[in-house]
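Residue numbers (our numbering), protein chains in the order written: chain U, 202 to 494; chain F, 896 to 1326. We treat Cβ as the ideally placed atom computed from N, Cα and C, and that holds for glycine.
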């Protein structure tokens, strides 16, 4: 049974480049682990490909394709306009209710989809986790970042609606990327917590729909935060980082006359705390992912 | 020192396995547990402890205090029976999972090949999957671009490179997956059983490629059940047993040792065997093989009938409602060849059994070629594994008059004999 010749003479030292070998020590990780941001940078190409795969595959074999990215927030806007705008007569800071709610639904959809996808990312990618090493942080990150394309599509519709309603964006619109970043940080922060928990406790799958639903109503999407008049209370409202995002979007695009200064600061602080605690929790539990998932 | 590629020192890995049976002594305990359990689990969750929702009680050491050194350019085979810890060792060395204690130093880039086509997405085309899979395996984009044509040619999928992989035949998918992996250029390559997939032509090609890699002077760690492949590829071998290094040395020595150890273990009395699995509600106590004349033996001529008689004991004196028994026959390399299993041959008949008794399996005309085999016993009681003993007995198949012709084919032409008959008829042209 000789499938090939036995290999006899072989150079023991390949290329003589011994000194250039990277040395890795594999050992149990300590209780407090570093975030390994440098490793993330090393693996940026993989992050790019994971995002690219997510986007490429998302609307395969659907009839409506990427239109789904628009339908989701748009139909919600229609429902909100009917029930909250028309029937309940909820105020909208002097802006037509449809665009008032849609301007909030665009970043909200980005956030909630990112949250859902990232919380499922590790479990759905179990096969990858069990078979190959790479920084696991890439998976939930790719799931959130992949939502940018959907965001872009629904944002384009927002611009069309602004033309329709004759609303000219203010110069504050240059701040939009900051608010988008805030939504991304929040989504990723919560996504890291939930994805790591989901590996061990599949309860997360049942929690996420509730969580996003409650969170949606805790965010001034269907109603303006100007309902809260006390400025201190409004700043506290910013503890929900999505308040900062939504208020920011409306302020930057539609020119609602209340710059969300204090709220935004509170929102950013909370979002960054979420991101860092989430990342540490993730890194701490990461070592057992391949064994448990 | 500097020519060391991998050095492992006291590597150990334990898993906590959930014990689900006999945990609740009574109904009240079960109720209390169901109320307090969630709180305890949430507490564990928030502390970031591992091991999930399972109630962990028992430690299982998959690896225990493994130490070895591998030099650059060595091709090392890792062998051992199922559950010896081979895969766990590879997973640690490829950083998929962490050791519980000990460490391993790795000098050089590691390419791990634990599966062919990891991360392939069926909706993406062959071209797209090459890039995706290559990146996942740790190749740079520029590197993939450079080797792209070579990969496609190796996989022989030129015509379908822009077709979604879901339309590929399984063979094409495997070829493409291996082609990408084969073009990795790490200093240290870690390979698990991937060669056990695909048709024999493909396997040959894979082994050929592995040999090429080895000749280029790279370090290869190779886990396989295929002793022929290990023997051909590897200069050195490490044998694992029960999570520890049993022996290391030249490949031929280690393989010999491995075959002998299989023999020794099968000669221990079943009652004395400690290496058993299962909850122990039933135990195998004895096994004998009787030939067609009713005499106890351990060797049967091929083509003959024989009986396997297995005694068992129960912990209680209750009659057994539902029992399932199997005897798996494996060759000396640990490859399972066939399984004699009541649920397949006569399901639903082993009901209402005495607490202590003898199960008999009658085998008609054994079709295995003359060689040495090992029988693994497996006993289930009420759906749960009660007892399992690997290599419980040795069975030697002797030369016999299988075909009634007094002749047998040479052993390299197959593992099985099959009753058959050739005949000829004339073909008339134009019909």
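Whether residue i touches residue j by CB criterion (9 Å)
i	j	result
residue 1159 (chain F)	residue 1228 (chain F)	no
residue 1269 (chain F)	residue 1224 (chain F)	yes
residue 1025 (chain F)	residue 985 (chain F)	no
residue 1118 (chain F)	residue 1084 (chain F)	no
residue 1185 (chain F)	residue 1179 (chain F)	no
residue 1240 (chain F)	residue 1199 (chain F)	no
residue 1060 (chain F)	residue 1097 (chain F)	no
residue 1139 (chain F)	residue 980 (chain F)	yes
residue 442 (chain U)	residue 463 (chain U)	no
residue 991 (chain F)	residue 224 (chain U)	no
residue 1073 (chain F)	residue 1050 (chain F)	yes
residue 1292 (chain F)	residue 1267 (chain F)	yes
residue 1290 (chain F)	residue 1283 (chain F)	no
residue 1299 (chain F)	residue 1195 (chain F)	no
residue 400 (chain U)	residue 319 (chain U)	no
residue 1288 (chain F)	residue 1173 (chain F)	no
residue 1193 (chain F)	residue 1256 (chain F)	no
Exposure label - residue i; buried when at least 16 CB within 10 Å
i	result
residue 1253 (chain F)	exposed
residue 365 (chain U)	exposed
residue 434 (chain U)	exposed
residue 1217 (chain F)	exposed
residue 918 (chain F)	Residue confidence for residue 918 (chain F) is low, a pLDDT of 46 falling below 50, so the modelled location carries little weight and cannot support an answer.
residue 280 (chain U)	exposed
residue 954 (chain F)	exposed
residue 1309 (chain F)	exposed
residue 492 (chain U)	buried
residue 375 (chain U)	exposed
residue 1264 (chain F)	buried
residue 1302 (chain F)	exposed
residue 403 (chain U)	exposed
residue 407 (chain U)	exposed
residue 212 (chain U)	Any answer about residue 212 (chain U) is weak, because its pLDDT of 36 lies below 50 and its placement is not dependable; what the coordinates show is given next. Counting Cβ neighbours within 10 Å, residue 212 (chain U) comes out exposed, since fewer than 16 surround it.
residue 900 (chain F)	buried
residue 1133 (chain F)	buried
residue 1210 (chain F)	exposed
Limits of the beta strand (DSSP E) - the one that residue i falls within
i	result
residue 1207 (chain F)	1201-1209
residue 1006 (chain F)	1005-1008
residue 379 (chain U)	Per DSSP, residue 379 (chain U) belongs to no beta strand (DSSP E); it is in the alpha helix (DSSP H), 377-401.
residue 1236 (chain F)	1231-1236
Contact set between residue i and chain U, taken where Cβ atoms lie within less than 8 Å
i	result
residue 1036 (chain F)	246
residue 910 (chain F)	492
residue 931 (chain F)	Under the 8 Å cutoff, chain U gives no residues; its nearest Cβ is about 16 Å from residue 931 (chain F).
residue 1153 (chain F)	What residue 1153 (chain F) touches in chain U: nothing, since even the nearest Cβ is about 16 Å away.
Chain-ordered chain U contacts of residue i [CB-CB under 7 Å]
i	result
residue 1014 (chain F)	329
residue 836 (chain F)	As displayed, chain F neither begins before 896 nor continues past 1326, which places residue 836 (chain F) out of reach and without an answer.
residue 1030 (chain F)	246, 247 and 250
residue 1010 (chain F)	332
Where the alpha helix (DSSP H) containing residue i begins and where it ends
i	result
residue 1044 (chain F)	1036-1050
residue 253 (chain U)	245-259
residue 485 (chain U)	462-487
residue 1142 (chain F)	Unbroken run through residue 1142 (chain F) is the beta strand (DSSP E), 1139-1145; no alpha helix (DSSP H).
residue 1075 (chain F)	1065-1077
residue 316 (chain U)	298-325
residue 1252 (chain F)	Element bounds for residue 1252 (chain F): not the alpha helix (DSSP H) but the beta strand (DSSP E), 1252-1258.
residue 435 (chain U)	432-438
7 Å Cβ cut-off: residues of chain F touching residue i
i	result
residue 334 (chain U)	989, 990, 991 and 1007
residue 226 (chain U)	998 and 1000
residue 222 (chain U)	1002, 1003 and 1082
residue 230 (chain U)	993
Residue i: CB within 8 Å of a non-hydrogen atom of the ligand FMN
i	result
residue 1319 (chain F)	The ligand FMN is absent from the structure shown, which contains no ligands of any kind.
Chain F residues whose Cβ lies nearer than 8 Å to that of residue i
i	result
residue 258 (chain U)	1016, 1018 and 1019
Query raised in the report: When the Cβ atoms of the stretch 957-968 of chain F are set against those of the stretch 1066-1079 of chain F, are three or more pairs found closer than 8 Å?
Result: No: the two stretches stay apart, fewer than three of their Cβ pairs being nearer than 8 Å.
Query raised in the report: Using 8 Å as the threshold, is the stretch 340-351 of chain U in touch with the stretch 308-318 of chain U, meaning 3 or more CB pairs across them?
Result: Yes, the stretch 340-351 of chain U touches the stretch 308-318 of chain U.
Report task. Specify whether the stretch 412-430 of chain U and the stretch 285-301 of chain U touch according to this definition: at least 3 beta carbon pairs, one from each stretch, less than 8 Å apart. Result -> Touching, per the Cβ criterion.
Query raised in the report: Taking three-plus beta-carbon pairs below 8 Å as touching, is the stretch 926-941 of chain F in contact with the stretch 370-379 of chain U?
Result: Flag = no, the stretch 926-941 of chain F and the stretch 370-379 of chain U do not touch.
Query raised in the report: Okay, do the stretch 460-472 of chain U and the stretch 438-449 of chain U touch, 3+ Cβ pairs below 8 Å being the bar?
Result: As far as the Cβ criterion goes, the stretch 460-472 of chain U touches the stretch 438-449 of chain U, which means the pair count is three or higher.
Query raised in the report: Would you call the stretch 1004-1019 of chain F and the stretch 251-261 of chain U in contact, with 3 or more CB pairs under 8 Å?
Result: Here the stretch 1004-1019 of chain F lies against the stretch 251-261 of chain U, with 3 or more beta-carbon pairs under 8 Å apart.
Query raised in the report: Would you say the stretch 412-422 of chain U touches the stretch 294-314 of chain U, given that touching needs at least three Cβ pairs under 8 Å?
Result: Enough Cβ pairs lie closer than 8 Å, so yes.
Requested in this report: Decide yes or no for the touch test of the stretch 387-397 of chain U against the stretch 262-276 of chain U: beta carbon pairs closer than 8 Å, at least 3 of them.
Outcome: No, they do not touch.
**Report entry** the stretch 232-252 of chain U / the stretch 269-279 of chain U touching (three or more Cβ pairs under 8 Å)
**Finding:** No contact exists between the stretch 232-252 of chain U and the stretch 269-279 of chain U.
Query raised in the report: Okay, do the stretch 1027-1046 of chain F and the stretch 324-339 of chain U touch, 3+ Cβ pairs below 8 Å being the bar?
Result: When C-beta atoms of the stretch 1027-1046 of chain F are compared with those of the stretch 324-339 of chain U, three or more pairs fall below 8 Å, so the two segments count as touching.
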